[in-house]
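Please read the structure below before turning to the comments.
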Amino acid sequence: MVILLTGAFLPPLDFFIVNVALPSIREDFHASASTMQLIISGYATTYAVMLITGGRLGDLYGRRNVFLAGMVAFAGASALCGFAWSPAVLVLGRILQGSAAAIMAPQALASINAIFPEHEKSKALSFYALTFGIASMAGLFLGGALIALDIFGLGWRAIFLINLPVIAIAAPSAVMVLRETRSEHASKLDLGGAVLIALALCALIWPLIEGREHGWPVWSLLMLAASLPLLFLFWHYEQKVEAAGRDPILAPRLLQVPGLKRGLLSALFFYAFAAFWLTFSVYQQGGLGHTPFEAGIAILPAAVGFVLGPFASGHIFRLFGRYSTAAGMSLEASGLVGTAALISFGAPEFLSVALFIVGAGQGIALPNLVRTVVQRVDPAQSGLASGLVNSMLQIGGALATALIGGLFFSILGSSTDERSIGHAYSVAAIAIGLCLLIAGWLSAGLGPKKEVVR
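Residue numbers (my numbering): 5 to 458.
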């Protein structure tokens, strides 16, 4: 379990940890703002685009084998980032890191679903969701801590090189103790489908991440316009592959599982929460004048709530049954509205209570949501289901960061005072809360009981 959770922990950690280090990287390389954005978006885009294919690779070629391959590749890419001698090399390393993360991460969730017996699976999935959330929060202050400590004079490079000793322990351990699982009806990878879904998702996600930073140039609008036809082309192609008796990368019949589409759509709206990290960080640093490390410390109440939330999942399920996921999301939304009210009425000293509620709600909702999606399909398809739910979370995060983040900066304009930033944050927090309520409505009534489609 610890080995699998290591593979789940590293990808979100390495997404968030870089944000804190960007000023140091820029000063060291004298890099442009657009290059700094590529260091973030190069990783985020390749990670989101490759997740479905990465999950399917584990189903076909063995989840332990693919997990190890992804972990070793992640270590190599981290080393390239840590020893990068130019901004271009660092951007390349981040793209390779995102690809390796997308190969490694789905195997953790898929292996949990395939290996653990039914009576342990619920607890195992709670630990998975806990790890995913803690990694997101840890990245916000761990990056600042590593830079402040300046271990061996490495500065910002330590945030990448810290992965190497972790993987040096985890990879050999995985060889020794991790049991291999795969689909019983493994076949060749659907390369056509893999290419089409990658192109479609890239056309959707890349302009959402880069477009706002560049003032929505023509190329970003053209890519967004092309994403829908590409998705239709992908779906039509997969139907033809399935009709021909071959194994598509995303079997159309899989989405016929009762409740699966609702669960995936709920995941899309649920991770609108990703915009919270951006807006709250700007409020902490721009409005209150905190350092990146202090901003990270400020989020600790949410981290505590997230740690405790999954342990309350059993009690929540006994109280709310198939509405447990919706209950967690509603609690999270109320915490966000609470932060907006406290900031708007000038009482930020009580933010820790509202942040704890936000974290607890997410800690309750995320494991229930993951369980709802992954356990609805046959274990042979668990890698694909893992890739799907992770991909929907990443796409939801990209959409929210672009749309709600755009709303935040539009309201803020050129203002830099605490009151203006607080007002912009409050509006964004309410928008995120509304998305969570929609996600809760979509998930209401969906239990973890799986409906098997082979």
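Note that the Cβ used here is the ideal one computed from N, Cα and C, for glycine as well.
Since Gln101 contacts Ser115 with CB under 8 Å, what's their CB separation in whole angstroms?
Between Ser115 and Gln101 the Cβ distance is about 21 Å, and since that is not below 8 Å, they are no contact.
In or out: Pro305 buried (at least 16 other Cβ within 10 Å) or exposed?
buried
So Ala404 and Tyr275 are supposed to be a Cβ contact under 8 Å. How far apart are they, rounded?
7 Å
When you compare only the Cα positions, how much space is there between Ser46 and Asp18?
Residue 46 is actually Gly in this sequence, not Ser. Cα to Cα, the separation comes out at about 12 Å.
Straight-line gap, Ala369 to Ala307 (C-alpha atoms, nearest Å):
14 Å
Exposure of Ile173, with buried meaning 16 or more beta-carbon neighbours within 10 Å
exposed
With distances taken Cα to Cα, identify the nearest neighbour of Leu237 among Ser414, Ile201, Arg161, Ala229.
Ile201
In whole angstroms, what separates the C-alpha of Val457 from that of Gln260?
Interpretation of Val457 is limited by its pLDDT of 42, a score under 50 that renders its predicted location unreliable; the figure taken from the coordinates is listed afterwards. When rounded, the distance between both Cα atoms is 8 Å.
Bounding residues of the alpha helix (DSSP H) (the contiguous stretch that carries Gln366):
355-378
Excluding the 5 residues preceding and the 5 following Ala358 in the sequence, name in chain order all residues of the same chain whose CB lies nearer than 7 Å to its CB.
Gly339, Gly342, Thr343, Leu346
What would DSSP say about Ala345, mapped onto helix, strand or coil?
helix
His240 - containing alpha helix (DSSP H), residue span:
222-247
So Cys85 packs on Gly97, CB below 8 Å; how close in whole Å?
4 Å
Here's the rule I'm using: 16 or more other beta-carbon atoms within 10 Å means buried, otherwise exposed. How should Glu242 be labelled?
buried
Would you say Met54 and Ala106 are within 8 Å of each other, going by their C-beta atoms?
yes
What alpha helix (DSSP H) runs, 4 residues minimum, are completely inside the region 256-321?
264-274, 278-286, 296-302, 304-312
Going by CA-CA distance only, name the one from His34, Met40, Ala271, Pro16 that's closest to Leu26.
Met40
Output yes or no for whether 8 Å exceeds the beta carbon distance between Phe273 and Leu446.
yes
Compare the Cα-Cα distances from Gly66 to each of Ile29, Pro110, Phe321, Val24 and report the closest residue.
Pro110
Straight-line Cα distance separating Pro16 from Arg183:
24 Å
Report back the beta-carbon spacing between Phe145 and Ile301 to the nearest angstrom; my notes put them in contact at under 8 Å.
6 Å
Identify whether Ile99 lies in helix, strand or coil by the three-state DSSP scheme.
helix
Could you round the C-beta distance between Trp220 and Phe20 to whole angstroms and report it? I think they count as a contact, below 8 Å.
About 25 Å separates the two Cβ atoms, so there is no contact after all.
Compare the C-alpha of Trp239 against each of Leu165, Leu205, Arg326, Ala48 and name the closest.
Leu205
Got a sec: does the ligand ZN put a non-hydrogen atom nearer than 7 Å to the Cβ of Glu214?
In terms of ligand content, the structure shown is empty, and the ligand ZN therefore cannot be addressed.
Determine contact between the region 412-430 and the region 252-271, defined as no fewer than three beta-carbon pairs at a distance below 8 Å.
no
Cα-Cα separation between Tyr327 and Phe321, rounded to whole angstroms
8 Å
Close-in-space but distant-in-sequence residues of the same chain around Ala162 (CB under 6 Å, 5 per side omitted):
Leu150, Ile155
Given a cut-off of 8 Å, decide if Ala255 and Val377 are closer than it, judged by their beta-carbon atoms.
no
Determine the DSSP secondary structure at Ala88, reduced to helix, strand or coil.
coil
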